[in-house]
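Take a look at the structure set out below.
Numbering (my numbering), first residue to last: 4 to 348.
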């Protein structure tokens, strides 16, 4: 067993089923290890395709999508897809090759400092310099890709490190748990929600998973509060649902803004300003905001939450649904009907 086999085995243990790849000389050891594994290798025609496919996989499953490229130009071609994943909150792990650290008879041919180049478009980039660190590095890659708001990481494996014979790794997988807000914070949120006359639920990319999407529907139906989505939040609630206010489509006022313009409270779930400029829906930067997400709010003008409920939004919304008052959904349904009619014209 070599270090590449250890890497692929650890991917299997993390539940990876597919790798999107454009193979090259410097990652052949990983490709050969994949051939002996249960992981499917999807060969793409351009590295950027692989990165976008991994990002979409991450977005739809909630688990990191994995893409593979060789060194230099091949690795650089991943960067647009990695930036897309990092900005969009999609977990991705990119694996890249590199020239041998020792006995490199090709010198600087196609060598680029990929780790340094990747740092501005990923949340973590590293090169494995010791074959004994392969499993731990993969564990940390999953940890970084899934911590807080999900995003992209890059792991470089030089070809000589990949070929080193080593012992199998028998370590338990790290466990991940999401907390839930405390009772005091939940009570404060309920007081804000119940006091509001025209609250709106604004859902972002962080609601696009089955558990949270179901909680969005439960909360909306329990409280009568309408749901407005960012582009990345589309799908969290069916647009045919009576309480759906559709999606904010552009960065200037449009028909979907009819629901949020008069809002006296915005309950933002799984949202960050990178998805949609807050000043587009909060131009005076004066709307009270409750931020609900596993990650802290990214504060900027127009998005300055008065209360942050950090933890699993699925559990948080269900708890708030049980505590908050039921209101007449008729005004929201009326706004939704108008919005849907105007958008369909």
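Backbone N, C-alpha and C fix where the C-beta goes; we use that ideal spot for every residue, glycine too.
Have a look at residue 262 and residue 6 and give me their C-alpha separation to the nearest angstrom.
-> Numbered from its first residue, the chain shown carries residue 262 at position 259. Numbered from its first residue, the chain shown carries residue 6 at position 3. Going by the C-alpha atoms only, they are around 55 Å apart.
What is the DSSP secondary structure of residue 300, reduced to helix, strand or coil?
-> The count along the chain shown starts at 1 and reaches residue 300 at position 297. The answer is coil: DSSP assigns residue 300 none of H, G, I, E or B.
Evaluate residue 146 with the Cβ neighbour count: other Cβ atoms within 10 Å of its Cβ, from every protein chain shown; 16 or more gives buried, anything less gives exposed.
-> Here residue 146 is taken as the residue at index 143 of the chain shown, counted from 1. Classification of residue 146: exposed, given that the 10 Å Cβ count is below 16.
Report yes or no: do the stretch 23-33 and the stretch 68-83 share at least 3 C-beta pairs separated by less than 8 Å?
-> yes
Give a yes or no on whether the C-beta atoms belonging to residue 33 and residue 9 are separated by under 8 Å.
-> Taking the first residue of the chain shown as 1, we reach residue 33 at position 30. Taking the first residue of the chain shown as 1, we reach residue 9 at position 6. No.
Distance, residue 190 Cα to residue 66 Cα | As a first step, residue 66 is located in the chain shown; it is residue number 63 there, counting from the start. As a first step, residue 190 is located in the chain shown; it is residue number 187 there, counting from the start. Their backbone Cα atoms lie some 32 Å apart in a straight line.
Give a yes or no on whether the C-beta atoms belonging to residue 121 and residue 157 are separated by under 8 Å.
-> One-based indexing of the chain shown puts residue 121 at position 118. One-based indexing of the chain shown puts residue 157 at position 154. Contact: yes.
Range covered by the alpha helix (DSSP H) that runs through residue 115 | Mapped onto the chain shown, residue 115 falls at position 112. It is not in any alpha helix (DSSP H) - residue 115 carries neither H nor E in the DSSP assignment.
Please classify residue 168: does DSSP put it in a helix, a strand, or coil?
-> If you number the chain shown from 1, residue 168 lands on position 165. Three-state result, residue 168: strand.
Taking the C-alpha atoms as reference points, what is the distance between residue 59 and residue 125?
-> Position 56 of the chain shown, counting from 1, holds the residue named residue 59. Position 122 of the chain shown, counting from 1, holds the residue named residue 125. In a straight line, the C-alpha of residue 59 is about 16 Å away from that of residue 125.
What distance in whole Å lies between the Cβ atoms of residue 297 and residue 314, which are believed to be in contact at a cut-off of 8 Å?
-> Reading the chain shown from its first residue, position 311 is the one you call residue 314. Reading the chain shown from its first residue, position 294 is the one you call residue 297. Right, the Cβ-Cβ distance comes to about 6 Å (below 8 Å), so this counts as a contact.
Sequence-distant residues of its chain with Cβ nearer than 6 Å to residue 99 (five each side left out) = Sequence index remark: in the chain shown, residue 99 carries index 96 (1-based). Once the five neighbours on either side are set aside, the close Cβ partners of residue 99 are 72, 78, 117, 159.
Segment contact flag, the stretch 205-224 with the stretch 171-187, C-beta cutoff 8 Å, min 3 pairs | no
Whether residue 307 touches residue 292 by CB criterion (8 Å) | Translated into the one-based positions of the chain shown, residue 307 becomes position 304. Translated into the one-based positions of the chain shown, residue 292 becomes position 289. A contact, by the Cβ cut-off of 8 Å.
With respect to the beta strand (DSSP E) encompassing residue 161, which residues constitute its N-terminal and C-terminal limits?
-> By one-based count along the chain shown, residue 161 stands at place 158. Residue 161 -> beta strand (DSSP E) spans 155-161.
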